[in-house]
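In our numbering, the protein residues as written are 138 to 266.
(1) From residue 220 to residue 229, what distance separates their C-alpha atoms?
(2) Helix or strand or just coil, what does DSSP make of residue 216?
(3) So, under 8 Å CB-CB, residue 269 and residue 174 are touching, yes? Tell me the CB distance rounded to an integer number of Å.
(4) Between the Cα of residue 233 and those of 240, 243, 227, 213, spot the shortest distance and give me the residue it belongs to.
(5) Checking 9 Å against the spacing of the C-beta atoms, do residue 207 and residue 176 come in under that value?
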């Protein structure tokens, strides 16, 4: 019986320390919450775009879209995804705790007017606009 009373009479300082450790553990786990964000990227006609570059803003972490225009990337709720594709306007979208982000990219009129065609002329590479 003495053993039970000794175990049940945990000193207050140990009790407070234990709860502080538990609180910090859950706070740290919550701060590092990472979600898998999936979605589809399409053009203005609703066709899937293959090879769209999706990166986490401020990092080098990224992924391309598949042949069906789908993607999957791990991101924290407060991060921003950057969608870029040649000939289309770059878009930045905040994750905001979403698990699914579907979007349509708009053609970039400026870049569509500039097409560089490399030409080999007598052993010299010339860029023709």
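Ideal Cβ placement from N, Cα and C applies to all residues, glycine included.
Owing to the predicted nature of the structure, the values given are computational and were not obtained by experimental measurement.
Let's see:
(1) Within the chain shown, numbered from 1, the residue matching residue 220 stands at position 83. Within the chain shown, numbered from 1, the residue matching residue 229 stands at position 92. So the alpha carbons of these two residues sit roughly 6 Å apart.
(2) By 1-based counting over the chain shown, the position of residue 216 is 79. Residue state, collapsed to three classes: coil.
(3) No statement about residue 269 is possible, as the shown extent of the chain runs from 138 to 266 and does not include it.
(4) For this step, residue 233 is matched to residue 96 along the chain shown. Comparing Cα positions, the closest option is 213.
(5) For the purposes of this step, residue 207 is taken as the residue at position 70 of the chain shown. For the purposes of this step, residue 176 is taken as the residue at position 39 of the chain shown. Taking 9 Å as the Cβ cut-off, residue 207 and residue 176 qualify as a contacting pair.
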